[in-house]
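Have a look at the structure below before the remarks.
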Amino acid sequence: MSHSFQQKEFRPAAEGANTPSEKPDFIKVSNYNFWYGSSQVLFDLNIDMPKQRVTAFIGPSGCGKSTLLRNINRMNDLIDGIRHEGDVTIDGHSIYDPLLEVISLRKRIGMVFQKSNPFPKSIYENIVYSLRVAGRNKKSELDEVVERSLKGAALWDEVKDRLSESAFGLSGGQMQRLCIARAIANRPEILLMDEPCSALDPIATGKIEELIHELKKEYTIVIVTHNMQQAARVSDRTAFFYLGKLIEYDETDTIFMNPKKDQTEAYVSGRFG
Amino acid sequence: MERYFHKELEAIRSKLVFMGEQANQVAGLAIEGFLESDLEKTQSALKMDDQIDELEVEIDRDAVRYIALRSPVSSDVRLIFVAIKASHDLERSGDEAHSIAKNTRSILTRQGKVLEPVRIEEMSRLAFAMLRDALTSFLEEDLELAKGIIQRDKEVDRLNKENFRLLSRGMSGENREASTQIETIFISKSIERIADHAKNLAEEVIYLMTGE
Chain F
8 MSHSFQQKEF RPAAEGANTP SEKPDFIKVS NYNFWYGSSQ VLFDLNIDMP KQRVTAFIGP
68 SGCGKSTLLR NINRMNDLID GIRHEGDVTI DGHSIYDPLL EVISLRKRIG MVFQKSNPFP
128 KSIYENIVYS LRVAGRNKKS ELDEVVERSL KGAALWDEVK DRLSESAFGL SGGQMQRLCI
188 ARAIANRPEI LLMDEPCSAL DPIATGKIEE LIHELKKEYT IVIVTHNMQQ AARVSDRTAF
248 FYLGKLIEYD ETDTIFMNPK KDQTEAYVSG RFG
Chain B
-13 MERYFHKELE AIRSKLVFMG EQANQVAGLA IEGFLESDLE KTQSALKMDD QIDELEVEID
47 RDAVRYIALR SPVSSDVRLI FVAIKASHDL ERSGDEAHSI AKNTRSILTR QGKVLEPVRI
107 EEMSRLAFAM LRDALTSFLE EDLELAKGII QRDKEVDRLN KENFRLLSRG MSGENREAST
167 QIETIFISKS IERIADHAKN LAEEVIYLMT GE
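Chains as they are written, first to last, in the numbering used here: chain F, 8 to 280; chain B, -13 to 198.
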């Protein structure tokens, strides 16, 4: 008599989309304070972000998460009266090194904004813009970059037959993926994303999230999002900020399932405020 | 659009099926130990309970994680809910198999052989077929198969009562036969409980598929 099913040889294991951060730290924020004029907006931050992982910054408006994100590639340098203390390093090198050219720093970092911002040019020219500015005009190289970048942004199949058409003819979700393709054209090491899905519908949002999941195999990603479910879905680590202070930073599983601080618990469970 | 985290849902489903296979296997081993007076099979069944318990803990943990991180809705949230309930039924089914093996070990230690199997074989065949079919209905999303299982529980209940009647007849005092008869009644009851858990599983499959 046999009562049992045929025994399978494998024992299924949970395949987590959020992967533990066993990768080495790549971006380190140390004892970091930041001021707009006399107003201090970031207070004594210490965060180590692992290589080729997704780190999410969450927190209510005005908590400083976008300010910190923009400081990683020194975008706030353009604002009068700013000042900082402490340091931010990428792969061990300070972004504030006086010998460092800011342009070379930004070549290592791609940026994607809340609202897609394609140039008033063709799809092709949007991708190769930064290469042309750098004087790289060899067609075979540009073609290769366009194909690689669009494939990397999961957009190639949708636009390969209309590369010479205006980027403004794309849908909102496609435009945002075009901006991601443009951001990775120079093969950066880091992608900074500032609420990249807040203007998109759920389907386009899903595509961008899938893309983030793929891109982290190659890039270190930092994402600012107001959508806590999105942070839970896409990130490996999550940092919760409030009033310019880092309240808690941990594995995303911990932040959303068993945070250590009451403020974090209140925020992720919607009881804040 | 298939999302990357849907693989986690599939992993939970696979774990539940794997747990069902384990529950089925331990029940089969336990009852074979009884029917064949095989102490080795009985001992093997006793050792399997921990694995099933661990799977229940894993499934519960994965399910809670999925709810917290993936915000499931519709059939996905029903699957998570069913996974938590079904894994509990399978864990309890494993406990009953463990109980069968413990009572069998007691009988075999006392008298070396099962002398009065009453209608245990027929009953276990029906109960374990229910359990197997409940798992198949889950795996193949077979609503009709699941609905059919619920009716089959009555025959197992009837056989359990029949066993009780046969075994309690002439039972008196504290003697070796009475002890064996009581343990066999417990075994019969455990099989009946396994069928109940199979019925619960079938009801959970119906809920998963229809939302009712």
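Backbone N, C-alpha and C fix where the C-beta goes; we use that ideal spot for every residue, glycine too.
None of the values given here were measured: they were computed from a predicted structure.
Annotation for K140 of chain B: the continuous alpha helix (DSSP H) segment containing it runs 129 to 154.
For M195 of chain B, the CB contacts under 7 Å within the same chain, skipping 5 residues up- and downstream, are E127, L129 in chain order.
The contact set of M(-13) of chain B on chain F, defined by CB atoms closer than 8 Å, consists of I210, G213, K214, E217 in chain order. At a cut-off of 7 Å, the C-beta of S57 of chain B has a neighbouring C-beta in chain F. DSSP places L21 of chain B within a helical segment (H, G or I) once states are collapsed to three. C-alpha of E141 of chain B to C-alpha of G134 of chain B: approximately 13 Å in a straight line. In the DSSP annotation of this structure, the continuous segment of the beta strand (DSSP E) that includes R244 of chain F starts and ends at 244 to 249. For V95 of chain F, the enclosing beta strand (DSSP E) begins and ends at 89 to 97. With a 10 Å radius around the Cβ and a threshold of 16 neighbouring Cβ atoms, T232 of chain F comes out buried. Bounds of the alpha helix (DSSP H) holding K71 of chain B are 60 to 97. Interface annotation, A31 of chain B: not in contact with chain F, CB-CB separation never under 7 Å. Under the Cβ criterion of 7 Å, Y(-10) of chain B is counted among the residues facing chain F. Residue environment analysis places R151 of chain B among the exposed positions, since fewer than 16 neighbouring C-beta atoms fall within 10 angstroms of its C-beta. Put simply, the CB of A54 of chain B is near chain F, with a gap under 7 Å to one of its CB atoms. Cβ proximity to chain F below 8 Å picks out E44, D48, V50, R51, A54, L55 from the stretch 34 to 55 of chain B. Non-local beta-carbon contacts of P58 of chain B in its own chain, meaning distances under 7 Å to residues more than five positions away in sequence, involve Y52, I66 in chain order.
The beta carbon of K252 of chain F is closer than 6 Å to those of F50 in its chain, skipping five residues each way along the sequence.
Residue pairing from DSSP places Q47 of chain F in a beta bridge opposite F:W42.
Listed by position along chain B, the residues whose Cβ is nearer than 9 Å to that of A239 of chain F are A54, L55, R56, S57. Within the stretch 52 to 82 of chain F, no residue places its CB atom closer than 9 Å to a CB of chain B. Assignment of P57 of chain F by DSSP, reduced to helix, strand and coil, places it in the strand class.
Along the stretch 170 to 192 of chain F, there is no position whose C-beta sits under 8 Å from a C-beta of chain B. Here V229 of chain F is bridged, per DSSP, to F:T62, F:L199. With a contact defined as Cβ atoms closer than 8 Å, I230 of chain F and V61 of chain F qualify at about 6 Å.
Proximity to I(-2) of chain B across B:L15, B:A164, B:A69 peaks at B:A69, based on C-alpha coordinates.
For D36 of chain B, the uninterrupted alpha helix (DSSP H) segment begins and ends at 35 to 56. Closest in C-alpha terms to T28 of chain B, from the list B:T122, B:K99, B:H183, B:I171, comes B:K99. Taking 8 Å as the upper bound on Cβ-Cβ separation, chain B lies near residues T259, D260, F263, M264 of the stretch 256 to 278 of chain F. Taken through DSSP and simplified to helix, strand or coil, S101 of chain F comes out as strand.
Less than 7 Å separates the beta-carbon of D201 of chain F from that of L76 of chain F.
A contact is defined here as three or more CB-CB pairs under 8 Å, and the stretch 85 to 98 of chain B meets this definition with respect to the stretch 18 to 34 of chain B.
Listed in chain order, the non-local C-beta contacts of H74 of chain B below 8 Å within the same chain comprise E42, local neighbours out to five positions each way being set aside. Residues of chain B with a Cβ closer than 7 Å to the Cβ of H220 of chain F are, in chain order, Y(-10). If you look at I116 of chain F, you'll find it in the beta strand (DSSP E) that goes 116 to 119. Here A120 of chain B is not near V12 of chain B, since their CB atoms are 7 Å or more apart. With contact defined as three or more Cβ pairs closer than 8 Å, the stretch 118 to 130 of chain F and the stretch 171 to 188 of chain F are in contact.
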